[in-house]
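Participant: Residue numbers (the working numbering): 6 to 504. Structure incoming, see below.
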Ligand code: NAI
Ligand code: MG
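Structure, rendered in structure tokens:
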């Protein structure tokens, strides 16, 4: 019998944050940190404390990884489709809780409910349904090695997977790791991001109504204190990480010491190229989606470098600014709000620093939208989005990942030059191309150095579309059947000699 019993839906995020305060979820139980320590969870729209999270350390990691290793024996032995059915059932229950999860993630991250948080909660549920249905695809091969031998391959789970996730899209990014890992027969320990620990804990609690104890565990805590011991724990056989390049390298080095595989989804500085023949209405709408104005630009695929043909540059910038100006910044929980807040004061300072560096380098900062005038939000981490024009390609905002509502628009005339400029980046995550000319679209999509390239649209990550970067944007792909097979199983060869 499962220790997390049927939990009642709670769509009041303030009381739910209190209800979830101070816990990890280990071995099917809500437990406090071994040290008894907690840290505050703050509403970035007001600066008020709304709850607490358990401050995990090596002792909690050991407890969770040990429980996960114990649970993995029975979980692996279960027929794949049975596991798939349980994961699909998790997805179904999460789908019923979209409102609850959306409101809570809006409270802890400051992402607007209507434009971002509710959408993210439904993508989370959908990812579990998607992967649950792929369970019977964990198939092997027969190999024509020798007629006297039956040579087959089977896919086996790795064991215990450690997943380290960030705060910008915590639900979706967690789902794209946990769902394939579980379906493939692994058990999981997640280390949540310190800025967004509560909604993912709620997800784990809802899933523990369905899953056997120890199959899915979650810890909150800081990177060095809780993330690092998870990577180095002897029971953990695989690390999947989403976050900064800097931390990705630290995680990767620690995993190398144990010789375990890592998947890394890191940053980006994604180009958008708008050719002179592009449908301008579509391109401007695509830029609004691409810059992620509604998420204050806190996205690894944000279109943070926009190259526009000189013939349409001024018109494009004017229309983009007008659209951004029309967006309403305000309380993330209000249905009328388009744009919420930045996640934390550190991140806000980082964004402000980049805007200043862009101005110092001679760029023109076009500030968009309006700060909210509600006095209740005066301590909120709001910032006006900035569209830089006339900025040099060498200025820090043109080159470095900001993870804020800042984009740089550059003018181009020459095709070869714009492709070279777009590829002149240490990153290679996403890119978009806007043109009605088939030859231009074909050539550009082939030559752009990125893992995810789109023409005349700007969709976000979707289940069944391979997602991940090249260069410093990461190692390995997510969101597909192949991602489950490649990153959460190993292939075993078995030979029967029949002679
Ligand atoms: P981060 O990469 O430091 O944090 C991501 C996760 O790694 C968190 O759960 C954190 O606790 C954990 N972590 C930190 N140090 C660790 C360590 N030594 N061992 C194991 N785990 C560790 O990112 P952070 O500090 O939240 O944001 C910094 C910048 O990173 C952002 O401004 C943005 O540029 C980038 N970023 C990119 C993301 C993406 O989606 N690719 C997501 C979040 C941040
Ligand atoms: Mg960090």
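Note that CB positions come from ideal geometry on N, CA and C, so glycine has one too.
1) Check the C-beta distance from residue 196 over to residue 232 and give it rounded, since I have them as a contact under 8 Å.
2) Can you give me the Cβ contacts of residue 462 inside the same chain, cut-off strictly under 7 Å, excluding the 5 residues immediately before and after it?
3) Any chance the CB of residue 247 is under 7 Å from a heavy atom of the ligand MG?
4) May I ask you to report which of helix, strand or coil DSSP gives residue 177?
5) Starting from the C-beta of residue 359, find all residues in its chain whose C-beta is less than 8 Å away, skip the five residues before and the five after it, and write them out in chain order.
6) Got a sec, what are the start and stop residues for the alpha helix (DSSP H) residue 24 sits in?
7) I need the straight-line Cα distance from residue 110 to residue 187, nearest angstrom please.
8) Verify the contact flag: residue 169, CB atom, against every heavy atom of the ligand NAI, threshold strictly below 7 Å.
9) With DSSP collapsed to three states, give me the class of residue 169.
10) Give the DSSP-derived three-state secondary structure of residue 101 in the structure shown.
11) Return the CA-CA distance between residue 309 and residue 416, expressed in angstroms with no decimal places.
12) Threshold first: 3 residues or longer. Then list the beta strand (DSSP E) segments lying entirely within the segment 327 to 388, N to C.
13) Check whether the segment 68 to 87 and the segment 222 to 237 touch, using three or more Cβ-Cβ pairs below 8 Å as the test.
14) May I ask you to check if the CB of residue 228 is nearer than 7 Å to at least one heavy atom of the ligand MG?
15) Span of the beta strand (DSSP E) holding residue 263?
16) Quick test of your reading: residue 178 and residue 478, contact by CB under 8 Å. State the CB separation rounded to the nearest angstrom.
17) Hey, residue 509 and residue 330 are a contact pair by Cβ (cut 8 Å); roughly how many whole angstroms apart?
18) Near residue 430, which residues of its chain fall below 6 Å by C-beta distance, leaving aside the five closest residues on each side in sequence?
19) One question on the structure: do residue 124 and residue 96 come within less than 8 Å of each other, judged by their Cβ atoms?
20) Report yes or no: do three or more beta-carbon pairs, one from the segment 242 to 262 and one from the segment 277 to 296, lie closer than 8 Å?
21) Please report the distance separating the alpha-carbon of residue 440 from that of residue 449.
22) Per DSSP, residue 34 is paired with what?
23) From the beta carbon of residue 406, is the nearest beta carbon of chain D less than 8 Å away?
24) Is it buried or exposed for residue 6, if we count other Cβ within 10 angstroms and need 16 for buried?
25) Pick helix, strand or coil for residue 305, following the three-state DSSP scheme.
26) Between the beta-carbon of residue 40 and the beta-carbon of residue 58, is there less than 8 Å?
27) If you draw a straight line from the alpha carbon of residue 54 to that of residue 221, how long is it in whole angstroms?
28) Should residue 252 be counted as a contact of the ligand MG given a C-beta to heavy atom distance under 7 Å?
29) What three-state label does DSSP hand residue 160 in the structure shown?
30) How far does the alpha helix (DSSP H) with residue 131 in it extend, from its first residue to its last?
31) Using only the heavy atoms of the ligand NAI, determine whether one of them is closer than 7 Å to the beta carbon of residue 199.
32) So is residue 200 buried or exposed if we call it buried at 16+ other beta carbons inside 10 Å?
33) Compute the distance between the beta-carbons of residue 484 and residue 458, then report whether it is under 8 Å.
34) Look at residue 142 and residue 486 and say whether their C-beta atoms are less than 8 Å apart.
35) What first and last residue would you give for the alpha helix (DSSP H) that runs through residue 271?
Facilitator: Judging by the given coordinates:
1) Sequence index remark: in the chain shown, residue 196 carries index 191 (1-based). Sequence index remark: in the chain shown, residue 232 carries index 227 (1-based). The beta-carbon distance between residue 196 and residue 232, rounded to whole angstroms, is 5 Å. This is short enough to meet the 8 Å contact definition.
2) Position 457 of the chain shown, counting from 1, holds the residue named residue 462. If you ignore the 5 residues before and after residue 462, its C-beta comes within less than 7 Å of the C-beta of 291, all in its own chain and listed in chain order.
3) Here residue 247 refers to the residue found at position 242 when the chain shown is read from its first residue. No, Cβ of residue 247 sits at least 7 Å from all heavy atoms of the ligand MG.
4) As a first step, residue 177 is located in the chain shown; it is residue number 172 there, counting from the start. Helix at residue 177.
5) Along the chain shown, one-based indexing puts residue 359 at 354. The answer, listed in chain order, is 401, 402, 405, 407, 409 and 411.
6) As a working note, residue 24 is residue 19 in the chain shown. Per DSSP, the unbroken alpha helix (DSSP H) holding residue 24 starts and ends at 18 to 24.
7) Start at 1 with the first residue of the chain shown, and residue 110 comes out as number 105. Start at 1 with the first residue of the chain shown, and residue 187 comes out as number 182. So the alpha carbons of these two residues sit roughly 23 Å apart.
8) Here residue 169 is taken as the residue at index 164 of the chain shown, counted from 1. Yes - the ligand NAI has a heavy atom lying nearer than 7 Å to the Cβ of residue 169.
9) As a first step, residue 169 must be located in the chain shown, where it is residue number 164. Three-state DSSP puts residue 169 in a strand.
10) Within the chain shown, numbered from 1, the residue matching residue 101 stands at position 96. In the displayed model, residue 101 falls within a helix according to three-state DSSP.
11) The residue labelled residue 309 in the question sits at position 304 within the chain shown. The residue labelled residue 416 in the question sits at position 411 within the chain shown. In a straight line, the C-alpha of residue 309 is about 14 Å away from that of residue 416.
12) Every unbroken stretch of the beta strand (DSSP E) spanning 3 or more residues and falling wholly within the segment 327 to 388 is given here in chain order: 369 to 372.
13) Contact between the segment 68 to 87 and the segment 222 to 237 is present, because at least three Cβ pairs lie under 8 Å.
14) As a working mapping, residue 228 is identified with position 223 in the chain shown. Taken from the Cβ of residue 228, at least one heavy atom of the ligand MG lies inside 7 Å.
15) Your numbering for residue 263 matches position 258 in the chain shown. Here residue 263 belongs to no beta strand (DSSP E); instead the alpha helix (DSSP H) covers 250 to 263.
16) Position 173 of the chain shown holds residue 178. Position 473 of the chain shown holds residue 478. Contact between residue 178 and residue 478 does not hold, since the beta-carbon distance rounds to 14 Å and is not under 8 Å.
17) There is simply no residue 509 to check, as the chain begins at 6 and stops at 504 in what is shown.
18) Start at 1 with the first residue of the chain shown, and residue 430 comes out as number 425. Once the five neighbours on either side are set aside, the close Cβ partners of residue 430 are 274.
19) Here the question's residue 124 lines up with position 119 in the chain shown. Here the question's residue 96 lines up with position 91 in the chain shown. It is not a contact, given that the beta carbons lie outside the stated cut-off.
20) They do not touch, by the three-pair rule.
21) The residue labelled residue 440 in the question sits at position 435 within the chain shown. The residue labelled residue 449 in the question sits at position 444 within the chain shown. Going from the Cα of residue 440 to the Cα of residue 449 covers about 10 Å.
22) Here residue 34 is taken as the residue at index 29 of the chain shown, counted from 1. BP columns for residue 34 point to 31.
23) Any reference to chain D falls outside this structure, which holds one protein chain only.
24) Translated into positions along the chain shown, residue 6 becomes position 1. Low confidence applies to residue 6: its pLDDT is 38, below 50, so where it sits in the model is not reliable, and the reading given next is rough at best. Around the beta carbon of residue 6, fewer than 16 other beta carbons sit within 10 angstroms, so the residue counts as exposed.
25) Position 300 of the chain shown, counting from 1, holds the residue named residue 305. When DSSP states are grouped into helix, strand and coil, residue 305 belongs to the coil group.
26) Numbered from its first residue, the chain shown carries residue 40 at position 35. Numbered from its first residue, the chain shown carries residue 58 at position 53. Against a cut-off of 8 Å, the Cβ pair of residue 58 and residue 40 comes out as no contact.
27) In the chain shown, the residue the question calls residue 54 occupies position 49. In the chain shown, the residue the question calls residue 221 occupies position 216. Residue 54 and residue 221 have their C-alpha atoms roughly 28 Å apart.
28) Position 247 of the chain shown, counted from the first residue, corresponds to residue 252. For the ligand MG, a non-hydrogen atom lies closer than 7 Å to the CB of residue 252.
29) If you number the chain shown from 1, residue 160 lands on position 155. Note: residue 160 maps to strand in three-state DSSP.
30) On the chain shown, residue 131 is found 126 positions in, with the first residue counted as 1. Annotation for residue 131: the continuous alpha helix (DSSP H) segment containing it runs 123 to 137.
31) Sequence index remark: in the chain shown, residue 199 carries index 194 (1-based). Taking 7 Å as the cut-off, the C-beta of residue 199 counts as close to a heavy atom of the ligand NAI.
32) The residue labelled residue 200 in the question sits at position 195 within the chain shown. Burial check for residue 200: the Cβ neighbour count within 10 Å reaches 16 or more, so the residue is buried.
33) Here residue 484 corresponds to residue number 479 of the chain shown, with the count starting at 1. Here residue 458 corresponds to residue number 453 of the chain shown, with the count starting at 1. Result no, Cβ atoms of residue 484 and residue 458 do not sit closer than 8 Å.
34) Counting from one through the chain shown, the residue named residue 142 turns up at place 137. Counting from one through the chain shown, the residue named residue 486 turns up at place 481. The Cβ-Cβ distance between residue 142 and residue 486 falls below 8 Å.
35) By one-based count along the chain shown, residue 271 stands at place 266. Element bounds for residue 271: n/a, residue is neither H nor E.
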